[in-house]
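Residue numbers are given in the working numbering: position 147 of the sequence shown equals residue 1419, and the series is strictly consecutive.
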Amino acid sequence: MNPMQEKNKSIWKDVHKKLGESVVKALNAKGYKAYYFSSSEEAAKEIANMIPPGSTVGIPGTCTVREMGLIELLSDKGCTTHHHWDPNLSPEERKAKFKEELMSDYYITSTNALTIDGTFVNIDGTGNRIAGMAWGANKLIFVVGINKICPDLDSALKRVHNVATPPNVTRLGGYDVPCAKLGYCVDCNSPSRVCRATLILERAPFGRDIYVFLIGENLGY
Ligand code: SF4
């Protein structure tokens, strides 16, 4: 790393900390239990520490959680993780996995976008992930890279379509949607359109412990 790169790294670390702490304050005022971590490694250790051995943990479609190595950390401490990202599952087995994820003791997900004032914005094709965010008889944990922060609701919705979805459909492959070819959203009417259900969490829903680990790194899409 050259001196300019070193300097910029340190500046971004400082700016991300300030931004992260501002968002954490907004989230705590909206009923979440929110924390800021500079690194995903520290955050992953803290999450693994707070989940008792023997717990079941549901993990829906999220690159962030997988990038952080959380599935391995939780398995190593004796937790059972339920997740449906296995291309060998039949449609029926996949549906069964969705249910297991939702019924687990903990549900760990990221978010497509989070506004500075603490609003979560997510768009699903199937709806299983946003269902688990909206309600569950379990504890919910959001893990969020600093790249997901947006100034307001409008920019958050635009982020989901223009920033999160093109790489997501590229990862999935086989989806004949314009953003997979163009790299941006044209609000398509394709039969394969993956943007089908939107959840906007304005406050932490009643009756549930919801934790947010905001991390000063780019994670997921
Ligand atoms: S609406 Fe269509 S083009 Fe836009 S992000 Fe969703 S799938 Fe892609």
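Even glycine gets a Cβ: it sits at the ideal position worked out from N, Cα and C.
For this session: Assign T1336 to one of three DSSP states: helix, strand, or coil.
Result: helix
For this session: Compute the Euclidean distance between the alpha carbons of T1328 and T1353, then round it to the nearest angstrom.
Result: 6 Å
For this session: Find the nearest neighbour of G1390 within the set A1315, L1291, S1462 and E1364, judged by alpha-carbon distance.
Result: L1291
Problem set entry | Where K1371 falls, given that 16 or more other Cβ within 10 Å makes a residue buried | exposed
Exercise. Going by the CB atoms, is the gap between M1405 and L1473 shorter than 8 Å?
Worked result: yes
Problem set entry | Unbroken stretches of the alpha helix (DSSP H), 4 residues or longer, contained in the segment 1333 to 1372 | 1335 to 1339 and 1342 to 1348
For this session: Compute every distance between the C-beta of V1415 and the non-hydrogen atoms of the ligand SF4, then say whether any falls below 7 Å.
Result: no
Problem set entry | Secondary structure, beta strand (DSSP E): runs of 3+ residues fully inside the segment 1407 to 1434 | 1411 to 1417
For this session: Please indicate yes or no: does the CB of R1475 lie closer than 7 Å to some heavy atom of the ligand SF4?
Result: no
Exercise. From T1383 to I1421, what distance separates their C-alpha atoms?
Worked result: 10 Å
Exercise. Does the segment 1451 to 1469 come close enough to the segment 1410 to 1419 that 3 or more CB-CB pairs lie under 8 Å?
Worked result: no
For this session: Keeping to the same chain, check which residues put their C-beta closer than 6 Å to that of L1299; ignore five residues upstream and five downstream.
Result: A1306, G1390 and V1484
Exercise. Helix, strand or coil for V1393 per DSSP?
Worked result: strand
Problem set entry | Between the CA atoms of I1331 and C1451 - distance to the nearest angstrom | 26 Å
Exercise. Should T1470 be counted as a contact of the ligand SF4 given a C-beta to heavy atom distance under 7 Å?
Worked result: no
Problem set entry | Straight-line Cα distance separating I1283 from R1480 | 37 Å
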